[in-house]
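*Asks:*
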Amino acid sequence: MSQVSQTLIKEEFSELEKAIETIINIFHQYSVRIGHWDTLAKKELKQLIDRHLVNFLKTQKDHSAIDSLFKELDKNKDQQLSFGEFMILITRVTIATHEHIHQEEGGQQQHQH
Amino acid sequence: MTSKLEKALNDIIEVYHKYSESECSEDDYLQKDEFKKLLKKEANSFLRCTLPHGMEEADYIEDLFQKANKNKNEYLHFEEFVTTLAKLAIHAHNMSHKAVKQGEEQGQGHVHGPH
Chain A
9 MSQVSQTLIK EEFSELEKAI ETIINIFHQY SVRIGHWDTL AKKELKQLID
59 RHLVNFLKTQ KDHSAIDSLF KELDKNKDQQ LSFGEFMILI TRVTIATHEH
109 IHQEEGGQQQ HQH
Chain B
3 MTSKLEKALN DIIEVYHKYS ESECSEDDYL QKDEFKKLLK KEANSFLRCT
53 LPHGMEEADY IEDLFQKANK NKNEYLHFEE FVTTLAKLAI HAHNMSHKAV
103 KQGEEQGQGH VHGPH
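These protein sequences, in sequence, are chains A and B.
Numbering of the first sequence is given in our numbering, commencing with residue 9 and proceeding in unit increments.
Numbering of the second sequence is given in our numbering, commencing with residue 3 and proceeding in unit increments.
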C-alpha cells in the first residue's frame, strides 16, 4: 500500500477505530512468531505483556502469574489464545484502568477528564 | 512510559467519557442516545462492515445496546460498554483477514506490519 493511501485511511478512522486497529496490529505482531500465525502461544503472550502492558499489568511479571493468566484466558484449552480470547484480557485491563482513573479522581476535588 | 497499546486503551476510555459526560447526562454512564451517537460517530466504518445483511442500522444499534445491557436498565456502564467494543474488535480482526485473503487471491500476498 502506498504512503498516500495509508494516510487517507488513517484520516478516515476515528480515535476509537484507531485504538482497535492498534490492538489488532499488536496482537498480530506477536501471534505470527510461534506456532499458528493468528494465535498467541504462552511465550508470545508474555513477550506482548512485557513490552506493551508493563505499566497496566505490573503484577504479571513473574512466571507463575503468566502461567495462570494464560490458563484462565485459554478457554478451549488448546494452548493458544485466539484474538477473541486475547480480547478478554484487553477488556479486563481496560475496565481496571477505567476504575483506576476514577479512583485517582476521587481524591481530587473536581471530576475532570 | 505508556506503550502504544496502553495509549490505545486510554483512548478508548477517553472516547467513552466524551459521550458518557455529554449534554444528555453528566455521569459515567452511557444513555442509549449517547451509545448511538458514540457508535455512529466513532465506529461508523465498523458499523458498516458488520451490519447484518438486510438489517437497518438503527435496529442493529438497538440490538447491540440490548445485548450489552446485561442488567436491563436504561443505560450502560463502562463494563457493559466494553463487551460491545470487544465485539467490534473481533469483527474488525476477522475482516482484516478477509481483506488479506482477497488480496492473496489477487496475488498480493499477506503483509503484517510494520504499520
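Think of the CB as a built atom: it goes at the ideal place given N, C-alpha and C, for glycine as much as any other residue.
(1) Can you pull the chain A residues whose beta carbon is under 8 Å from the beta carbon of Gln43(B), in chain order?
(2) Whose C-beta lies closer than 6 Å to the C-beta of Met57(B) among residues of the same chain, with five residues either side of it excluded?
(3) Gly115(A) touches chain B at which residues, Cβ-Cβ below 7 Å?
(4) If you draw a straight line from the alpha carbon of Gln37(A) to that of Asp86(A), how long is it in whole angstroms?
(5) Going along the chain, which residues of its own chain have a beta-carbon closer than 6 Å to the beta-carbon of Leu56(A), five neighbours each way excluded?
(6) Less than 7 Å separating the beta-carbons of Phe37(B) and Ala94(B)?
(7) For Gln55(A), which three-state DSSP category applies?
(8) Just confirm the distance between the C-beta atoms of Leu90(B) and Ile28(A), as a whole number of angstroms; I'd bet it's less than 8 Å.
(9) Looking only at its chain, what residues have a beta carbon closer than 8 Å to the beta carbon of Phe64(A), apart from the 5 residues adjacent to it on each side?
(10) Quick one: using the 10 Å Cβ neighbour count with 16 as the cut-off for buried, is Lys54(A) buried or exposed?
(11) Along chain B, which residues have their Cβ under 9 Å away from the Cβ of Asn63(A)?
*Replies:* Let me spell this out:
(1) In the sequence as presented, Gln is not what sits at residue 43(B); that position holds Lys. By Cβ distance, chain A contributes Ser22.
(2) none
(3) Within 7 Å Cβ-Cβ: nothing; Gly115(A) doesn't reach chain B, min ~16 Å.
(4) Distance between the alpha carbons of Gln37(A) and Asp86(A) is about 20 Å.
(5) Tyr38
(6) no
(7) Under the three-state reduction of DSSP output, Gln55(A) falls in the helix class.
(8) 6 Å
(9) Val101, Ala104 and Thr105
(10) buried
(11) Met3, Thr4, Ser5 and Glu8
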